[in-house]
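Notes follow the structure.
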Amino acid sequence: MAAATTGEIPAEEAPPPRAPCSFGRPWPEFNEGISYTDTFRCADAGATMTLIEFYSTTYKSSAPLPGWIKRIRNGQITVDGEVVTDPDMTLRQGSKLIYHRLPWQEPFAPHLLGVLYEDDDMIALNKPSGLQVLPKGLFQQRTVLAQLQMKDWKIPSSFCSKQKDVQSHPVPVHRLGRGTSGLLLCAKTKLAKARLAAYFAEGTTNAGKSRDETDMCKVRKISKFYRALVTGILENDEVMITQPIGLVHYPGVAEGLYAACSSGKPAMSKVSVLERLEHRNQTLVQVEIHSGRPHQIRIHLACIGHPLVDDPLYGIGGQPKFDELESSSTDDSFAYDGGYERPLQPVPGDCGYHLHAHWLVLCHPTTNELSLQMIKITAPLPQILQTREEQQDTAKQVGG
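For the sequence shown, this note's numbering gives the first residue as 675, with consecutive numbering after it.
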């Protein structure tokens, strides 16, 4: 296994987590819905706009015209605090508009989170595959953030005397894809959040420089290592990938899809072969990321011709598996509340691929900021991402 690129300072294993070692509340059947607020502004003082014109043009990716009409007539939109059911109502400059999305049953998601490490400043979680980190799209409640908000966090008495900038609940300081499992760092204090965010930002900034310009030999304050299962057999034991990543048009994803893109932002991944599985035409690899672009590992490995096994979205070249996709939604095919049905083609949040945030080394955001003593935190591997030797060791431990 490749060693951490953290300079000359050795990393110490993190102490065991505080009890309990896992937490999480089961999800209710339906979420609470969500509200979206807008203030109507018209650039042309003499022009007018109706309620349906505003929503069907401003948020046309959310619902087709008949869908927005249905939402308005269903009483889901208020204007200046009053429910409006007339789609042709003329809006006034400065009016406050609120669209109330009805509660819905979110797709299945696991709810238990393992605790890998915890102290007064941060907590490291073991996120299961299938659980989204932050609210987006269909997942507004079934997220890591929601579980962090629901848990009763005990604030140490020392915090009161020191007036430490403790938050009401920990918050994630980076993201993992919904289908990606493993180690997720969360900050308990504003200071820890700011410093950890700075650590990640520093790595992304350095990814845009040439290897001669970066201070690779100097200590990086955080280094992340993933384990992945890819298609095909990698020839070289190590590969450095610097393919830029940017947004491209993709039906069903309003803001666009991240993919390999020559005009995108710099990104850097170091891939190390752990085991070549010739009989399955697959390779088990470790990936160290020097930047944190969305879906970076999936895109980079696909870019070099070795997409993740069972990745539903990214194919060889780091592009969507289908070059020309037509939207599967039509004006007469929308959900019960008027929104588009889920696209039939793959979307970024789809699961199935094998990617795990395995371990990281970092400089503690408060206690070790000056000494730069590194600590290492590890998330247990799923069996499919273990080498044959690791599987044998696990079997021996289980067998006693």
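Built from N, CA and C at the ideal position, the CB exists for glycine as well. A quick note: this is a predicted structure, and the numbers were derived from the prediction, not measured.
Self-check item: Buried versus exposed, by CB contacts within 10 Å (16 or more), residue 821
Solution: In the sequence shown, counting from the first residue as 1, residue 821 sits at position 147. Note on residue 821: 16 or more other CB atoms within 10 angstroms of its CB, so buried under the neighbour-count rule.
Quiz item: Could you give the distance in angstroms between the alpha-carbon of residue 891 and the alpha-carbon of residue 824?
Solution: Here residue 891 refers to the residue found at position 217 when the sequence shown is read from its first residue. Here residue 824 refers to the residue found at position 150 when the sequence shown is read from its first residue. Unreliable placement is indicated for residue 891, whose pLDDT of 42 sits below 50; the coordinate value is still reported in the next sentence. If you take the alpha carbons of residue 891 and residue 824, they lie about 42 Å apart.
Exercise. Return yes when the Cβ of residue 921 is within less than 9 Å of the Cβ of residue 935, no when it is not.
Key: The sequence position of residue 935 within the sequence shown is 261, counting from 1. The sequence position of residue 921 within the sequence shown is 247, counting from 1. Taking 9 Å as the Cβ cut-off, residue 935 and residue 921 qualify as a contacting pair.
Exercise. With DSSP as the reference, label residue 699 as helix, strand or coil.
Key: Within the sequence shown, the letter at position 25 stands for residue 699. Residue 699: coil per DSSP, three-state reduction.
Quiz item: Which residues bound the alpha helix (DSSP H) around residue 639?
Solution: Because the chain in this structure spans residues 675 to 1074, residue 639 falls outside the shown range and cannot be described.
Quiz item: Alpha carbon to alpha carbon, what distance is there between residue 974 and residue 999?
Solution: If you number the sequence shown from 1, residue 999 lands on position 325. If you number the sequence shown from 1, residue 974 lands on position 300. Note that residue 999 scores a pLDDT of 48, beneath 50, so its modelled location is shaky; the value from the coordinates is reported in the next line. Between the alpha carbons of residue 999 and residue 974 lies a gap of roughly 22 Å.
Practice problem: Check whether the segment 751–769 touches the segment 785–793, counting contact only when three or more Cβ pairs, one atom from each stretch, lie closer than 8 Å. | Solution: The segment 751–769 vs the segment 785–793: no contact.
Exercise. Count the other CB atoms, across all protein chains shown, that sit within 10 Å of the CB of residue 710; report buried if there are 16 or more and exposed otherwise.
Key: Against the sequence shown, residue 710 aligns to sequence position 36. Counting Cβ neighbours within 10 Å, residue 710 comes out exposed, since fewer than 16 surround it.
Practice problem: Can you say whether residue 720 is buried or exposed, counting buried as having 16 or more other CB atoms within 10 angstroms of its CB? | Solution: Position 46 of the sequence shown, counted from the start, is the residue given in the question as residue 720. Exposed, because fewer than 16 other Cβ atoms sit within 10 Å of the Cβ of residue 720.
Self-check item: Three-way DSSP call (helix, strand, coil) for residue 1063 in this model
Solution: Counted from its first residue, the sequence shown places residue 1063 at position 389. Note: residue 1063 maps to helix in three-state DSSP.
Practice problem: Measure the alpha-carbon distance for residue 791 versus residue 840 and round it to whole angstroms. | Solution: Translated into positions along the sequence shown, residue 791 becomes position 117. Translated into positions along the sequence shown, residue 840 becomes position 166. Their Cα atoms are separated by approximately 18 Å.
Quiz prompt | Presumed contact (8 Å Cβ cut-off) between residue 1012 and residue 741, rounded CB distance | solution = As a working mapping, residue 1012 is identified with position 338 in the sequence shown. As a working mapping, residue 741 is identified with position 67 in the sequence shown. Going by Cβ atoms, the distance from residue 1012 to residue 741 rounds to 3 Å, so yes, they are a contact pair.
Quiz item: Ordered along the chain, which non-local residues of its own chain (more than five positions away) have a Cβ less than 6 Å from that of residue 797?
Solution: In the sequence shown, counting from the first residue as 1, residue 797 sits at position 123. The residues are 844 and 860.
Self-check item: Three CB pairs or more closer than 8 Å across the segment 987–997 and the segment 1013–1028
Solution: yes
Self-check item: Residue from 1015, 1034 and 1059 with nearest C-alpha to residue 738
Solution: The residue you call residue 738 lines up with position 64 of the sequence shown. Shortest Cα-Cα distance from residue 738 to any of 1015, 1034 and 1059 involves 1015.
Quiz item: Taking the alpha-carbon positions, what's the residue 1107 to residue 728 distance?
Solution: There is no way to answer for residue 1107, as the model of the chain reaches only from 675 to 1074.
Self-check item: Residues near residue 937 by beta carbon distance below 8 Å, same chain, minus five either side
Solution: Working through the sequence shown from its first residue, we reach residue 937 at position 263. Excluding residues within five positions, the ones whose Cβ falls inside 8 Å are 918 and 920.
Quiz prompt | Where the beta strand (DSSP E) containing residue 847 begins and where it ends | solution = What you label residue 847 is simply residue 173 of the sequence shown in a count that begins at 1. Segment: none, residue 847 is in no beta strand (DSSP E) and carries neither H nor E.
Exercise. Mark residue 672 as exposed unless 16 or more other C-beta atoms lie within 10 angstroms of its C-beta, in which case mark it buried.
Key: The question about residue 672 has no answer, for the chain in this structure spans 675 to 1074.
Quiz item: Are residue 906 and residue 979 close, meaning C-beta to C-beta below 9 Å?
Solution: Indexing the sequence shown from 1 puts residue 906 at position 232. Indexing the sequence shown from 1 puts residue 979 at position 305. Cβ distance < 9 Å, so residue 906 and residue 979 count as in contact.
Quiz item: Leaving out five residues before and five after residue 697 in sequence, what residues of the same chain have Cβ atoms less than 8 Å from its Cβ?
Solution: In the sequence shown, the residue the question calls residue 697 occupies position 23. Apart from the 5 residues on each side of it in sequence, residue 697 sits with its Cβ closer than 8 Å to the Cβ of 786, 787, 789, 821 and 825 in its chain, given in chain order.
Quiz item: How long is the line joining the alpha carbons of residue 913 and residue 957, rounded to whole angstroms?
Solution: Position 239 of the sequence shown, counting from 1, holds the residue named residue 913. Position 283 of the sequence shown, counting from 1, holds the residue named residue 957. In a straight line, the C-alpha of residue 913 is about 13 Å away from that of residue 957.
Exercise. Name the residue from 865, 875, 717 and 897 whose alpha carbon lies nearest to the alpha carbon of residue 1037.
Key: Taking the first residue of the sequence shown as 1, we reach residue 1037 at position 363. It is 897 whose Cα lies nearest to the Cα of residue 1037.
Quiz item: Hey, quick one: how far does the alpha helix (DSSP H) through residue 741 stretch, first residue to last?
Solution: What you label residue 741 is simply residue 67 of the sequence shown in a count that begins at 1. From DSSP, the alpha helix (DSSP H) with residue 741 extends over 739–747.
Quiz item: When we look at the beta-carbon of residue 894 and count the other beta-carbons within 10 Å, is it buried (16 or more) or exposed?
Solution: Sequence index remark: in the sequence shown, residue 894 carries index 220 (1-based). Label assigned to residue 894: buried.
Quiz item: Would residue 872 be called buried (16 or more neighbouring beta carbons within 10 Å of its own) or exposed?
Solution: The sequence position of residue 872 within the sequence shown is 198, counting from 1. Flag for residue 872 reads exposed.
Quiz item: Near residue 993, which residues of its chain fall below 7 Å by C-beta distance, leaving aside the five closest residues on each side in sequence?
Solution: Along the sequence shown, read from residue 1 onward, the residue named residue 993 stands at position 319. Here the set comprises 933 and 934.
Practice problem: Quickly, what does DSSP pair residue 752 with across the bridge? List them, please. | Solution: Reading the sequence shown from its first residue, position 78 is the one you call residue 752. Answer is 757 and 772, bridged to residue 752.
Quiz item: Based on the DSSP output, what are the partners of residue 708 in its beta bridges?
Solution: Position 34 of the sequence shown, counted from the first residue, corresponds to residue 708. In the DSSP output, where bridge partners are listed per residue, residue 708 has 775.
Quiz prompt | DSSP three-state assignment for residue 1072, whether helix, strand or coil | solution = Looking up residue 1072 in the sequence shown gives position 398. In the structure shown, residue 1072 sits in a helix (DSSP, three-state: H, G or I).
Exercise. Alpha carbon to alpha carbon, how far is residue 695 from residue 809? Give it in angstroms, no decimals.
Key: Numbered from 1 along the sequence shown, position 135 holds the residue referred to as residue 809. Numbered from 1 along the sequence shown, position 21 holds the residue referred to as residue 695. Answer to the nearest angstrom: the Cα atoms are 24 Å apart.
Quiz item: Quick one: what does DSSP say residue 873 is sitting in, helix, strand or coil?
Solution: In the sequence shown, residue 873 corresponds to position 199, counting from 1. Residue 873: helix per DSSP, three-state reduction.
Quiz item: Going by DSSP, which residues form a beta bridge with residue 994?
Solution: Mapped onto the sequence shown, residue 994 falls at position 320. Answer is 988.
Exercise. In the DSSP assignment, find the alpha helix (DSSP H) that holds residue 907 and state where it starts and stops.
Key: Reading the sequence shown from its first residue, position 233 is the one you call residue 907. No alpha helix (DSSP H) holds residue 907; DSSP gives it neither H nor E.
Quiz item: How is the beta strand (DSSP E) around residue 763 delimited, first residue to last?
Solution: Looking up residue 763 in the sequence shown gives position 89. No beta strand (DSSP E) holds residue 763; DSSP gives it neither H nor E.
Self-check item: First through last residue of the alpha helix (DSSP H) which encompasses residue 972
Solution: As a position in the sequence shown, residue 972 is number 298, starting the count at 1. Its alpha helix (DSSP H) spans residues 970–977.
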